[in-house]
Amino acid sequence: MPLDRYDDMAQYDGSVVVERTTGMFSARCDKEEANFLAVNRLTMWPAVSAPQPGRAFYADTVSKLMRGEKPPYTQGLQFRAPAGTADPDARQATEFVGTWFA
Numbered sequence: 061m062p063l064d065r066y067d068d069m070a071q072y073d074g075s076v077v078v079e080r081t082t083g084m085f086s087a088r089c090d091k092e093e094a095n096f097l098a099v100n101r102l103t104m105w106p107a108v109s110a111p112q113p114g115r116a117f118y119a120d121t122v123s124k125l126m127r128g129e130k131p132p133y134t135q136g137l138q139f140r141a142p143a144g145t146a147d148p149d150a151r152q153a154t155e156f157v158g159t160w161f162a
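Quick note: to get the numbering used here, add 60 to the position in the sequence shown (first position is 1).
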């Protein structure tokens with residue numbers, strides 16, 4: 061997910077945890093299928109890039125799940141986890157902090 065979309069992600073779903081520094085994300089929903097859906101939804105960025113269309117897609121898919129359907133996005137991860145997703149920012153004040161706590 062692009063770094064400038066983190067605020068949009070927070071509006072999309074509070075059950076999704078995005079760790080910018082490590083480049084990892086996870087979901088904490090009430091059902092495993094909903095966790096898969098929430099995480100798979102992130103990989104669709106920017107295809108469903110705004111929070112409201114994302115929420116509508118999520119709600120529609122959960123409705124199908126509740127009716128007994130098994131939408132693909134709820135059945136497992138639909139992507140390979142990429143490497144090197146950590147924040148590219150450079151460390152600051154490492155030497156200062158090291159001497160301060162010495």
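In this text, a Cβ means the ideal position worked out from N, Cα and C, and glycines have one as well.
Asked: Start and end residues, alpha helix (DSSP H) containing A141; Found: Unbroken run through A141: none, as it is neither H nor E.
Asked: For E129, the three-state DSSP class (helix, strand or coil); Found: coil
Asked: Distance between beta carbons of G114 and R127, contact taken as under 8 Å; Found: Not confirmed; about 21 Å, so no contact.
Asked: DSSP three-state assignment for S123, whether helix, strand or coil; Found: helix
Asked: Extent of the continuous beta strand (DSSP E) to which S75 belongs; Found: That residue, S75, is in no beta strand (DSSP E); it is neither H nor E in DSSP.
Asked: Where M84 sits in the DSSP three-state scheme; Found: strand
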